[in-house]
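In what follows, a structure is listed as structure tokens, so that the remarks can point back to it.
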Ligand SMILES: Nc1ncnc2c1ncn2[C@@H]1O[C@H](COP(=O)(O)OP(=O)(O)OP(=O)(O)O)[C@@H](O)[C@H]1O
Ligand SMILES: [Mg+2]
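Structure follows, in structure tokens:
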């Protein structure tokens with residue numbers, strides 16, 4: 001197990017905001033309302049250390065992908081900052097520099113791989129595009145090295161994406177991300193489309209890459225078992241904000257936020273030493289266009305009391321590593 005808690009901070013995200021919309025939806029028009037704004041990220045703050053794997057979990061629509069895209073620059077935040085190590089705002093890095101420091105791996109490698117390129121050519125292109133003039137490298141040898149890292153046979157160089165299995169395609173997209181020697185990879189549901197046995201192999205590969213190359217990951221997933229396997233620290237998101245954060249042990253052994261508990265009680269736990277109160281996640285996720293005065297989870301929380309609906313809770317420290325956004329932490 002790699003100890004990353006003493007490693008330097010690579011990336012800092014501070015009070016990140018993302019709002020979508022401003023266009024009138026059908027419901028707005030029918031209700032005679034003005035255009036509604038969807039607040040997808042509501043002041044998200046986090047940091048990632050060198051070689052650290054930070055898991056991000058939460059239900060569909062809570063803002064996980066938006067967070068990843070804002071960090072890497074695929075979407076422009078509406079507020080807040082993303083700062084690279086040494087204090088440089090990411091938006092001030094050139095596109096080239098940003099892409100050599102951070103890469104993104106997506107859920108569906110088929111749509112992110114160009115079907116007209118053989119694997120070898122695709123990796124060569126990724127290497128050539130990001131090569132600085134000073135660094136002359138042997139592209140063929142480098143392609144072989146990348147395939148070796150991701151555990152693919154060299155015979156695959158002549159093959160096209162359609163001829164590969166889902167797991168092999170995801171290995172190719174990881175190899176392509178590694179071509180630029182990034183320090184951080186944002187992996188957005190990278191194993192969700194794969195069979196369980198292939199998932200396990202790809203997760204092992206991420207761990208191996210982190211161990212060998214000291215690459216950090218922001219690992220987005222809705223499957224808690226996957227996040228538990230891979231993460232050092234875990235962020236739990238609900239409706240655009242972090243409701244609980246902690247080490248893997250904090251989150252999986254002593255979850256404090258009612259939402260985290262509900263998520264965990266919904267998954268089968270293989271470890272008999274872990275006993276969680278069973279909480280059923282009831283009710284629908286609120287419409288993200290609606291604004292709520294109090295705690296975002298209050299409409300579904302089994303522990304809700306009147307004050308929860310009135311003021312919005314901040315993140316409260318449970319320990320040095322563990323924080324949760326709930327005003328009733330001491331009681332529940
Ligand atoms: N380009 C966009 N325009 C308008 N709304 C958007 C856009 N992208 C995302 N959203 C909205 O922002 C919210 C967060 O979406 P996001 O895709 O980040 O969620 P997610 O946690 O990644 O969900 P999933 O688990 O389904 O991938 C959702 O309500 C979504 O509908
Ligand atoms: Mg997503």
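Residue numbers (full-length UniProt numbering): 1 to 332.
Idealized CB from N, CA, C, for every residue including glycine.
Given the structure is predicted, the values throughout are model-derived calculations rather than measurements.
Spatial neighbours of residue i in its chain, beta-carbon cut-off 7 angstroms, leaving aside the 5 residues before and after
{"i": "residue 186", "result": "68, 71, 72, 102, 104, 218"}
{"i": "residue 3", "result": "none"}
{"i": "residue 191", "result": "199, 202, 203, 226"}
{"i": "residue 294", "result": "308, 309, 310, 311, 312"}
{"i": "residue 60", "result": "222"}
{"i": "residue 154", "result": "144, 147"}
{"i": "residue 84", "result": "11, 90, 93, 101"}
{"i": "residue 131", "result": "137"}
{"i": "residue 303", "result": "258, 328, 332"}
{"i": "residue 120", "result": "143, 157, 158"}
{"i": "residue 21", "result": "35, 36, 37, 38"}
{"i": "residue 193", "result": "107, 108, 166"}
{"i": "residue 114", "result": "122"}
Residue i versus the options, residue with shortest Cα-Cα distance
{"i": "residue 51", "options": "259, 246, 162, 6", "result": "6"}
{"i": "residue 231", "options": "206, 65, 149", "result": "206"}
{"i": "residue 320", "options": "222, 246, 31, 56", "result": "246"}
{"i": "residue 210", "options": "58, 150, 331", "result": "150"}
{"i": "residue 62", "options": "254, 328, 240", "result": "240"}
{"i": "residue 143", "options": "108, 181, 326, 107", "result": "181"}
{"i": "residue 251", "options": "89, 79, 58", "result": "58"}
{"i": "residue 127", "options": "109, 110, 177", "result": "177"}
{"i": "residue 172", "options": "110, 214, 195, 129", "result": "110"}
{"i": "residue 214", "options": "183, 195, 64", "result": "183"}
Assigned exposure category for residue i - 16 Cβ within 10 Å defines buried
{"i": "residue 333", "result": "Any question about residue 333 goes unanswered here, given that the chain covers just 1 to 332."}
{"i": "residue 124", "result": "buried"}
{"i": "residue 96", "result": "exposed"}
{"i": "residue 31", "result": "exposed"}
{"i": "residue 87", "result": "exposed"}
{"i": "residue 290", "result": "exposed"}
{"i": "residue 208", "result": "exposed"}
{"i": "residue 305", "result": "exposed"}
{"i": "residue 188", "result": "buried"}
{"i": "residue 33", "result": "exposed"}
{"i": "residue 179", "result": "buried"}
{"i": "residue 66", "result": "buried"}
Cβ-based neighbour list, residue i, same chain, cut-off 6 angstroms, excluding 5 preceding and 5 following
{"i": "residue 259", "result": "238, 243, 297"}
{"i": "residue 160", "result": "118"}
{"i": "residue 330", "result": "none"}
{"i": "residue 256", "result": "318, 324, 329"}
{"i": "residue 8", "result": "50"}
{"i": "residue 322", "result": "246, 250"}
Distance, residue j Cα to residue i Cα
{"i": "residue 197", "j": "residue 37", "result": "41 angstroms"}
{"i": "residue 91", "j": "residue 46", "result": "17 angstroms"}
{"i": "residue 98", "j": "residue 233", "result": "24 angstroms"}
{"i": "residue 82", "j": "residue 166", "result": "33 angstroms"}
{"i": "residue 122", "j": "residue 116", "result": "9 angstroms"}
{"i": "residue 314", "j": "residue 332", "result": "17 angstroms"}
{"i": "residue 16", "j": "residue 281", "result": "27 angstroms"}
{"i": "residue 79", "j": "residue 18", "result": "7 angstroms"}
{"i": "residue 286", "j": "residue 262", "result": "16 angstroms"}
{"i": "residue 112", "j": "residue 326", "result": "39 angstroms"}
{"i": "residue 14", "j": "residue 163", "result": "43 angstroms"}
{"i": "residue 264", "j": "residue 43", "result": "25 angstroms"}
{"i": "residue 56", "j": "residue 107", "result": "14 angstroms"}
{"i": "residue 74", "j": "residue 139", "result": "28 angstroms"}
{"i": "residue 175", "j": "residue 266", "result": "34 angstroms"}
{"i": "residue 229", "j": "residue 27", "result": "42 angstroms"}
{"i": "residue 248", "j": "residue 316", "result": "18 angstroms"}
{"i": "residue 29", "j": "residue 288", "result": "18 angstroms"}
Neighbourhood of residue i by C-beta distance below 8 angstroms, restricted to the same chain and skipping five residues each side
{"i": "residue 54", "result": "46, 48, 216, 217, 218, 219, 231, 232, 233, 234, 235"}
{"i": "residue 212", "result": "149"}
{"i": "residue 77", "result": "16, 17, 18, 41, 70"}
{"i": "residue 168", "result": "152, 156"}
{"i": "residue 299", "result": "283, 286, 292"}
{"i": "residue 301", "result": "258, 259, 295, 308"}
Proximity test, residue i beta-carbon vs ligand 4 heavy atom, cut-off 7 angstroms
{"i": "residue 189", "result": "No copy of ligand 4 appears in this structure; the ligands present are ligand 1 and ligand 2."}
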